[in-house]
Every structure is written in C-alpha cells, then in structure tokens.
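Here's the structure we're looking at; comments come further down.
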Amino acid sequence: MGKLETPKALVFKKAGVTYKIRVGRGFSKEELKEVGLSVKDARKLGLYVDERRSSKHEENIQMLKEWLKKLKR
C-alpha cells in the first residue's frame, strides 16, 4: 500500500468576471472546523494550516472529507 499524499489547499482570487485558482499555503481554520479537525490535529496529520486566511471554500472542504475517508480505511 502506497503512502497517502496530503491534499493541497486551493485559493480562489477574483480576476474580473472569472476566478484564478492557485495552490495556497494551507487550509483555513474554518475549513478544518467544517470537517471536524482542530488546528493541532490537522498538523499532526501532516496538513498545512494557513492561520491568516479566513475564507472557507467548498472545494477544499470536499477535498478534506474525501482525504479523511481514505485515511480511515
């Protein structure tokens, strides 16, 4: 069984009418709280946490939920 890669947080920046998507520094506290993780628990699992970011993106929440399901197998 291979090592499960930690997911990368995505950040969305409005560019006119569309959004530019890039890899962020880490997941926000709100995103972690939504999936039931504390900052301390997330760091123990190897996830990066960006404490400065306050936004909450559904894409990141879904990514974390799927990753946690795979991790619990």
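Reminder that position 27 of the sequence shown reads as 15 in my numbering, one-by-one numbering, no gaps. Note that CB positions come from ideal geometry on N, CA and C, so glycine has one too.
ask   = Taking Cβ to Cβ, would you say D38 is nearer than 7 Å to G4?
value = Taking the first residue of the sequence shown as position 1, residue 38 is located at position 50. Taking the first residue of the sequence shown as position 1, residue 4 is located at position 16. Not a contact, by the Cβ cut-off of 7 Å.
message = Could you tell me the alpha carbon to alpha carbon distance between L56 and E47, rounded to whole angstroms?
response = Your numbering for residue 56 matches position 68 in the sequence shown. Your numbering for residue 47 matches position 59 in the sequence shown. Straight-line Cα distance between these residues: approximately 14 Å.
query = Between S42 and L(-8), what straight-line distance do the alpha-carbon atoms span, to the nearest angstrom?
reply = Within the sequence shown, numbered from 1, the residue matching residue 42 stands at position 54. Within the sequence shown, numbered from 1, the residue matching residue -8 stands at position 4. Rounded to whole angstroms, S42 to L(-8) spans 27 Å at the Cα level.
ask   = Residue range of the alpha helix (DSSP H) that V(-1) falls in?
value = Taking the sequence shown and counting its residues from 1, one reaches residue -1 at position 11. Run containing V(-1): none in the alpha helix (DSSP H); it sits in the beta strand (DSSP E), L(-2) to A3.
request  = List the endpoints of the continuous alpha helix (DSSP H) containing R40.
outcome  = Residue 40 sits at position 52 when you count from the first residue of the sequence shown. Neither: R40 is in no alpha helix (DSSP H) and is coded neither H nor E.
ask   = In three-state DSSP terms, what is R10?
value = Taking the sequence shown and counting its residues from 1, the one referred to as residue 10 is at position 22. In the structure shown, R10 sits in a strand (DSSP, three-state: E or B).
query = Between the C-alpha atoms of G34 and L59, what's the straight-line distance to the nearest angstrom?
reply = The residue given as residue 34 occupies position 46 in the sequence shown. The residue given as residue 59 occupies position 71 in the sequence shown. When rounded, the separation of the alpha-carbon atoms in G34 and L59 is 12 Å.
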